Amino acid sequence: MTAPMLFAAEPSAVEDLRTRQIVDALDPEFLRLVGWDWHLRVIFFPKDHPVLGMPDCCVKGCTRGVRFGRPMCMGCERTWKDSGLSVEAFAQIAKPRMLGMRQVMCRVPRCGRPAKSAQVSLCDPHHRQRVDTLKLNMEDFLDHPAVIPRASTGQCEVEVCYRLRDYDTSRYCQAHSLRLKYARKRGEVSDEEVWRRTTSAVNADRELCLRGLADRVVAEVLYGLQARTEAGVRTWDHFLRPLCDRLRQMQTPTLEVLADPDVFATLSHVKSTRGVVRTMLMWLDRLGATPESERRKDVWDLKIFTGQTGTLDFTRISQPALREAVKHWAYDDLPRRRGKRPGSAVQPYVTAMNLLSESLRLQREDGGIHPPDLRRRDIVAFCNRLAFLTETGTITAHTRSKAVRNVALVLTRIRTLGLTHPGQPMAGLPTDFRLQREDTPDEPEDTEAGKDLPDAVMRQLCDHLDELEQLISREVRVGTELLMDTGRRPEEIRDLPLDCLGHDPDGSLVLVYDNHKSYRKGRRLPIGKATAGVITTQQQRVREMFPDTPVGELKLLPSMRANPHGTKAIHSIGEGHRTWVDALPDFLVPTTVEENGQAVTRMLPFDKSRIFPYAYRHSYAQRHADAGVAPDFLKELMDHSDLKTTQNYYRVSQERRRDAVDRVVALQFDRSGTRVWRKAQSLLDSEHVRRAIGEVSVPYGVCQEPSNVAAGGQSCPIRFRCVGCDHFRTDVSYLPDLQAYLADLLRSRERLMSAFAADDWARSEAMPSQEEIRRVRRLIERVKADLGDLTTEEQAQIGEAVAVVRRSRSVMLGMPRIGQPLPDVHTTRTA
């Protein structure tokens with residue numbers, strides 16, 4: 002392709018290699034789209050383009066462009082709001098024809114002068130001839146032999162203007178003549194020549210004038226607009242006009258001067274204009290950039306290294322040698338990272354090195370800038386500073402432990418890369434400047450477990466999903482619902498393709514997704530019909546929104562910004578989710594507090610900071626663990642490689658289990674239904690041990706008979722007639738089992754009393770006795786009666802404790818059992 006010749010203001014501009022590089026990167030198709038001409042230098046925004054398009058206003062007679070999502074142009078919209086009419090009624094009111102500040106030529110054939118206005122449609126001499134001299138209507142005037150065309154008056158002498166002058170006596174078009182007149186009255190013009198070079202163009206709808214700008218600036222604006230358009234980012238003329246006007250006033254040779262914060266601050270405070278500048282500078286930086294050139298900077302654009310957005314910032318490492326060494330390490334480490342966002346895996350190491358740099362700067366007189374002077378005492382000082390930051394709450398214990406490990410790894414790798422050799426950044430670094438194994442503090446326990454949300458909170462969240470859709474968007478609502486139902490990571494749901502619903506060979510429904518964290522593609526997760534219904538409804542919505550895009554390119558949760566074809570997923574679920582959660586009323590949950598030295602239960606607000614998208618993954622794991630799903634199978638559901646990782650998601654801590662046992666044991670009964678502990682506030686450690694080794698599980702309770710306990714429950718002298726044994730104990734957590742047992746006794750007795758073929762002795766042995774039925778029924782009634790005496794708060798507390806105890810029991814018994822059904826947190830949703 003032959004690059005277009007620049008119409009340069011100075012010959013040296015053509016020889017600028019960077020300008021030529023930018024011009025060569027311009028797509029001829031894009032230049033044709035915007036009607037670009039290198040001599041005219043005006044961008045014409047098309048009407049119907051999905052990104053740049055500005056269709057005509059819906060108001061009759063108005064030809065101005067309309068921004069995406071608006072019913073009419075901004076001028077008509079202001080008038081409509083004051084009219085009190087509906088959009089349909091207002092649109093039918095004919096608007097006088099306007100030029101939109103664009104010149105049209107006089108209607109007299111071959112006349113070279115512009116018309117006075119859209120309504121007059123004649124130049125000033127012809128208008129006066131028609132009205133004052135000939136006094137004819139327009140048709141007769143145009144046919145009159147005395148009407149002859151006038152010669153052009155020439156172009157306006159303002160550098161940015163390409164309009165024609167209206168009069169022979171003026172050097173400017175009418176608009177600029179009036180602008181100069183009023184500027185002089187305000188005392189704003191001291192040099193007319195400077196004014197001609199720097200004043201702005203007459204704004205015409207759907208036009209952007211780049212005249213009066215340096216060649217390189219013109220090329221940069223064109224390339225920035227092209228890059229934004231290719232990325233699907235909408236750009237309108239009024240976004241760019243303030244930018245071009247400011248650049249023209251500055252007479253700057255390049256757009257890159259705006260990278261200076263002080264210069265950037267002089268721009269228009271319009272948010273859209275500043276956003277355009279940032280993205281244009283970003284794409285200009287990427288043009289021609291390579292990993293080799295980018296690594297020399299102190300802030301890396303990860304798009305150049307990995308193809309993914311994000312940055313790595315090394316500026317907080319104040320020691321030049323250490324900063325260069327960390328950059329060498331990052332350059333070596335990035336290619337080894339997998340997944341959608343490899344930069345996020347490297348960032349924690351850079352952050353840890355920031356902490357080391359800060360420690361050296363604060364605790365050494367030289368700021369730690371000389372590697373040969375660093376010693377073991379500097380490592381000790383670093384460890385002490387981390388301990389101080391942890392104690393003051395600046396960082397967490399987990400962050401401290403992780404920072405030590407990360408710094409140790411980077412320092413070790415700096416040595417293995419040879420960066421301590423002569424001529425390298427860290428040359429002469431002593432061997433004792435390293436972290437030892439004993440320098441690493443213990444990792445806090447249970448860093449993952451306990452992040453699940455209580456069922457009561459989950460139910461309230463599900464009940465308010467409609468408000469999430471109204472407040473944020475349909476896509477964030479669907480994404481949140483899928484997070485709740487599937488327990489996937491937020492990025493796995495966010496990036497789902499439209500065709501993500503599949504079927505296993507047996508016809509069961511599965512969600513097909515990619516595990517970006519572990520780089521495992523095409524994972525299949527069993528889902529229910531209700532979840533599948535959410536997906537199919539969203540699929541239909543997306544197909545209707547983007548009917549012309551192939552299904553294989555569409556996203557299930559398409560972004561509503563910079564996404565004309567539906568191929569980009571939403572940027573984030575978390576931001577909208579946080580806004581929604583903060584706007585919801587408090588979530589009241591039963592909480593134990595101490596009042597007057599007594600532990601009491603109160604309904605207190607749940608901490609909303611614990612409600613975040615990843616918490617749904619923990620809740621998913623906890624629900625399945627509570628339902629008795631085997632750990633190995635739960636590992637597969639969570640798509641973990643290591644069972645230990647899965648166990649961290651649902652492990653019940655000893656403190657939580659003990660608290661639950663303390664509550665449940667307060668409602669413990671013997672075989673006669675008598676409360677064993679009328680006042681049990683807490684168990685001693687010895688009592689917890691006794692419960693673990695001094696009893697054995699039996700149907701519907703526990704047995705404390707020594708010989709049976711010693712035999713592991715296999716030596717019951719009365720063959721498990723537990724309700725008739727003085728060693729039997731039960732509690733409120735066994736109430737569902739007792740009720741099921743009573744129903745089974747009644748069914749068995751009824752069946753045996755019917756015409757069942759059996760000998761009398763066999764029937765008598767198998768027949769449940771009336772006394773056993775009476776004992777079980779009385780036991781159930783006593784448990785229910787004592788539960789009924791509790792307050793609503795105490796009942797809720799007992800209910801949660803029972804769930805914990807039964808969950809633990811399913812693990813301790815190690816016996817075959819039917820899995821509990823998964824609790825449905827969606828109380829209003831139907832399959």
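832 is the number that our numbering gives the last residue of the sequence shown; the numbers go up by one with no jumps.
Where a beta carbon is used, it is the ideal one built from N, C-alpha and C, also for glycine.
None of the values given here were measured: they were computed from a predicted structure.
query: For Ile799 and Asn709, I'd like the C-alpha separation in whole angstroms.; result: 30 angstroms
query: Would you kindly check if the distance between the Cβ of Glu493 and the Cβ of Tyr514 is under 7 angstroms?; result: yes
query: Can you look up Ile415 in the DSSP assignment and give me helix, strand or coil?; result: helix
query: Mind pulling the alpha helix (DSSP H) runs of 4 or more residues that sit fully within the segment 219-296?; result: 238-251, 262-265, 272-287 and 292-295
query: Is Lys117 helix, strand or coil by DSSP?; result: coil
query: Whole angstroms is fine: what's the gap from Lys272's alpha carbon to Val234's?; result: 15 angstroms
query: Using the rule of at least 16 other Cβ atoms within 10 Å of the residue's Cβ for burial, across every protein chain shown, is Asn138 buried or exposed?; result: exposed
query: Counting only the same chain and skipping the five closest in sequence on each side, list residues whose C-beta sits under 8 angstroms from that of Gln22.; result: Leu288 and Gly289
query: Quick check on Tyr650: buried or exposed, where buried means 16 or more other Cβ atoms within 10 Å of its Cβ?; result: buried
query: Using 7 angstroms as the threshold, is the C-beta distance between Pro372 and Leu430 below it?; result: yes
query: Is the distance from the Cβ of Ala326 to the Cβ of Ala404 below 7 angstroms?; result: no
query: Where Arg198 and Met251 are concerned, what is the direct C-alpha to C-alpha distance, given to the nearest angstrom?; result: 10 angstroms
query: Among the candidates Trp37, Arg324 and Arg108, whose CA atom is the shortest distance from the CA of Arg212?; result: Trp37
query: Starting from Val109, follow the beta strand (DSSP E) in both directions and report where the run begins and ends.; result: Careful: Val109 lies outside any beta strand (DSSP E) and carries neither H nor E.
query: Where Pro146 and Leu123 are concerned, what is the direct C-alpha to C-alpha distance, given to the nearest angstrom?; result: 16 angstroms
query: Within the continuous alpha helix (DSSP H) that includes Arg339, where are the two ends?; result: Here Arg339 belongs to no alpha helix (DSSP H), and DSSP marks it neither H nor E.
query: Would you identify the three-state DSSP class for Glu126, choosing helix, strand or coil?; result: The amino acid at residue 126 is misidentified as Glu; the sequence shows Pro. In the structure shown, Pro126 sits in a helix (DSSP, three-state: H, G or I).
query: For Ala693, which residues in the same chain have their Cβ closer than 7 angstroms to its Cβ, ignoring the five residues on either side in sequence?; result: Low confidence applies here, because Ala693 scores a pLDDT of 48, under 50, leaving its location unreliable and the question unanswered by this model.
query: Determine the extent of the alpha helix (DSSP H) in which Asn77 is found, giving its start and end residues.; result: Note on residue identity: the sequence assigns Cys, not Asn, to residue 77. Taken as a continuous stretch (DSSP letters only), the alpha helix (DSSP H) holding Cys77 covers Met75 to Ser84.
query: Does the distance from the C-beta atom of Leu736 to that of Val703 stay below 7 angstroms?; result: no
query: Val724 and Val777: beta carbons closer than 7 angstroms?; result: yes
query: Compute the Euclidean distance between the alpha carbons of Thr792 and Ser698, then round it to the nearest angstrom.; result: 30 angstroms
query: For a test of the three-state rule: what should DSSP assign to Gly54, helix, strand or coil?; result: coil
query: In the DSSP assignment, find the unbroken alpha helix (DSSP H) run with Gly503 in it and report its ends.; result: Unbroken run through Gly503 is the beta strand (DSSP E), Leu502 to His504; no alpha helix (DSSP H).
query: What first and last residue would you give for the alpha helix (DSSP H) that runs through Asp141?; result: Met139 to Asp144
query: Report the option in Arg779, Arg750, Leu323 and Ile774 whose CA atom is closest to the CA atom of Ser765.; result: Arg750
query: DSSP three-state label for Tyr163, please.; result: coil
query: Mapping DSSP to helix, strand and coil, what is Gly534?; result: helix
query: So, are the CB atoms of Pro150 and Arg111 less than 7 angstroms apart?; result: yes
query: Would you identify the three-state DSSP class for Asp507, choosing helix, strand or coil?; result: coil
query: Could you give the first and the last residue of the continuous beta strand (DSSP E) run that contains Thr593?; result: Leu589 to Glu596
query: Shortest alpha-carbon distance to Ala531 belongs to which of Asn516, Glu545 and Ser509?; result: Ser509
query: In this structure, does DSSP put Val60 in helix, strand or coil?; result: coil
query: For Asp760 and Met768, what's the separation of their Cα atoms in angstroms?; result: 12 angstroms
query: Inspect the CB distances between the segment 488-508 and the segment 593-601 and report whether three or more fall short of 8 angstroms.; result: no
query: DSSP beta-bridge partners for Phe729?; result: Cys704
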